[in-house]
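Have a look at the structure below, then the notes.
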Amino acid sequence: HFSPGMYSEEWSRNRQGREKAVITNFSFSQLPEEEKRGWIKSHSVHGELYSEESIPDDRHHAIYFAMLLAGVGFLLPYNSFITDVDYLHRKFTGTSIVFDMSLTYILVALSAVIVNNALVERLSLNTRICVGYLFALGPLVFVSVFDIWLELFDTQQSYALTLAAIAIVAFGCTVQQSSFYGYTGMLPKRYTQGVMTGESTAGVIVSLSRIFTKLLVEDEKNNTIIFFLFSVSIETLCFLLHVVVRRTHFVRYHTDRARHSWLKGQMSNFTSKNHSGYQIHYDSIEEADAVNLGNSSHEDGIYVRFDVPKPDTKRTWMGVKELLDQRCAVARMIWPYMLSILVTYFITLCLFPGLESELRNDTLGEWLPILTMALFNLADFVGKILAACPYEWGGVQLLVCSCLRVLFLPLFVMCVSPVQHPLLAHPAWPCGLSLMLGISNGYLGSVPMIQAAGKVPLQQREVAGNTMTVSYMAGLMLGSAVSYSTYSLTSQDLQFTQNMFLL
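In the numbering used here, the protein residues as written are 502 to 1004.
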């Protein structure tokens, strides 16, 4: 029984002193089929991966721009749902729709990150990303056409449909997002920063789109349809760019280099694992020829095959334990960065989008939450650009700075409480605080993710990216859950949603 692997030829002497060709077959069943084929092709053509080629260049920063749009792609669908806050408040009057959407997204997204960590060894990177795009596009198109345009559902059904759409988007986009962090972890550092800048760019694009559609088209139904269809077109563009960019020489060089490093690590473990069930078979070169290992023949050659043992229950659990040990080892190296990003997003989600969506002003009316969200997204975008500045932070320093953001909590509460006469009633207060919240979120949410990848060996960078995403999602989930406590500050009546979940 043979499985795709890497074949190499070396010379050794037998007991009689004659030289014989030795062909070694290393079997790696953990690689997805698509990547196995890539390894066979790479090693059969090049022998040593890119050994004689110069490092490819990102001409005109095209790959960076594509990665920026990738970041746009996995946050744009969710931003599209929550930014049309005026439409949501009119359609679902007196409900906690924005809070419910936020919590639904985070709970499903955290589950998706865990699933993605389990699938990272089973499905290829491209498969996970493409499925994520399809999960993101489907609900956007369905809600735009059947709920907003054709209005086929009543209020309760529409409420449930909106939350179901958010759940599907959350699963797809988070698998996609977590995969992209592992993906860019194999590229130079600036590309991780590019993806994170793209996340903020998604917020800016969606906010500006909502402002212009609301200004230019008076009818709320029509401007909401145009707003969603614009988001669908941008998401489709991001998907098509991914398909093109993954085939470029630049991306293939860096991803193959990282996988080659992983493969060398697997090879180095063969000796120590032989006692755990790995078997070595010595056969004649004729058998090797019979399975098309090579076209050349060698007299008196020896064919050596390393067989990975067939899976059984005991070894399956050993494999799970090995995966957990690997992730724990990575976590020990990057724990300050994990805590820093968790605290940063916890504080942000306590306030945004839930509490900000409930801001009111006699003069600006429903425009105030739209403006504060736009300012937050713009400042977040600037913060992520600043994260590209070449300054090396210590992990503990980042953690302290993230904790200082707790001061935003009482300040924002004073912008909405008491309901009729807030302590900080002037619109300049929530606008200014949104700017500071956004720029600190952009910077302190990006730097840990960027620098953590450099703290682990090359072959563990995809795992580090996925591990950081787990911390990121944990912060979002905790912040979203705590944000419910602020809903009572913005409502005279403490009823959240009356029977909206009953179908």
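Note that beta-carbon positions come from the ideal geometry of N, C-alpha and C, so glycine has one too.
All values reported here derive from a predicted model rather than from experimental measurement.
Per-residue burial, residue i [other beta carbons within 10 Å of its own, 16 or more giving buried]
i    : result
I630 : buried
E700 : buried
R833 : exposed
Y634 : buried
T968 : buried
G895 : exposed
C829 : exposed
P919 : exposed
N775 : Residue placement at N775 is poorly supported in this model, since its pLDDT is 48, which falls under 50; the coordinates still yield a value, given next. By the neighbour-count rule (16 or more Cβ atoms within 10 Å), N775 is not buried but exposed.
D601 : buried
H755 : buried
L688 : buried
R748 : exposed
S984 : buried
A954 : buried
E549 : Residue placement at E549 is flagged as unreliable, the pLDDT there being 43, under the threshold of 50; a coordinate-derived value is accordingly withheld.
E963 : buried
I835 : buried
A619 : exposed
L879 : buried
Q678 : buried
L626 : buried
T864 : exposed
Contacts around residue i, its chain only, beta-carbon distance under 6 angstroms, and the 5 residues preceding and following it disregarded
i    : result
V696 : M568, A571, G572, F681, T685
C916 : P923, L925, W930, P931
T714 : N724, I727, F728
F740 : Y634
K690 : I951
Y692 : M568, T685
F575 : C674, Q677, Q678
Chain-order list of residues whose beta-carbon lies under 7 angstroms from that of residue i (same chain, five-residue window excluded)
i    : result
L641 : P578, S581, F729, S732, V733, E736
V746 : I564, A567, V752
S986 : none
V948 : A888, W894, L899
C904 : V844
Close beta carbons around residue i, own chain, < 8 angstroms, minus the five adjacent residues each side
i    : result
S612 : F672
D443 : This structure gives no information on residue 443, because the portion of the chain shown stretches from 502 to 1004.
L910 : I848, C851, L852
L876 : C932, S935, L936, G939
G907 : Residue identity differs from the one stated: residue 907 is Val in this sequence, not Gly. Excluding sequence neighbours, V907 sits near I848.
V831 : V957, Q961, V964, A965, T968
Pairwise C-alpha distance: residue j and residue i
i    : j    : result
N724 : V586 : 13 angstroms
G866 : L860 : 9 angstroms
P891 : S841 : 19 angstroms
A637 : V670 : 5 angstroms
G946 : I940 : 10 angstroms
T772 : R758 : Any reading at T772 is ruled out, since the residue's pLDDT is 47, under 50, leaving its predicted position unreliable.
N617 : V599 : 26 angstroms
L651 : K722 : 10 angstroms
T698 : F882 : 6 angstroms
A703 : I583 : 12 angstroms
L856 : T628 : 37 angstroms
V676 : L912 : 35 angstroms
S659 : V609 : 19 angstroms
T596 : H927 : 25 angstroms
V632 : N862 : 42 angstroms
Within-8 angstroms CB hit, residue i to chain B
i    : result
L569 : Absent from the structure: chain B. Only one protein chain is present.
Residue i beta carbon near the ligand SAM (any heavy atom closer than 7 angstroms)
i    : result
S581 : This structure simply doesn't include the ligand SAM, nor any ligand for that matter.
Point to revise | Stretch pair the region 953-973 + the region 592-609: three plus CB contacts closer than 8 angstroms | key: no
Practice item. Give, in chain order, every unbroken run of the alpha helix (DSSP H) that is at least 4 residues long and sits entirely within the region 566-593. Key: 586-592
**Study point:** Contact between the region 969-982 and the region 846-860 (3+ Cβ pairs under 8 angstroms)
**Key:** yes
Review point. Is it true that the region 593-608 meets the region 660-669, where meeting means three or more beta-carbon pairs spaced less than 8 angstroms apart?
Key: yes
Exercise for review: Could you say if the region 870-880 and the region 919-939 meet the contact criterion of at least three C-beta pairs nearer than 8 angstroms?
Suggested key: yes
**Study point:** contact_flag[the region 645-656, the region 916-931] where n(CB pairs < 8 angstroms) is 3 or more
**Key:** no
Check your understanding: Is the region 884-891 close to the region 707-724, with three or more CB pairs under 8 angstroms?
Key -> no
Check your understanding: What alpha helix (DSSP H) runs, 4 residues minimum, are completely inside the region 608-663?
Key -> 626-643
Point to revise | Unbroken stretches of the alpha helix (DSSP H), 4 residues or longer, contained in the region 929-992 | key: 929-953, 962-984
Review point. Counting only runs that start and end within the region 651-728, where is the alpha helix (DSSP H) found for 4 or more residues in a row?
Key: 656-686, 690-717
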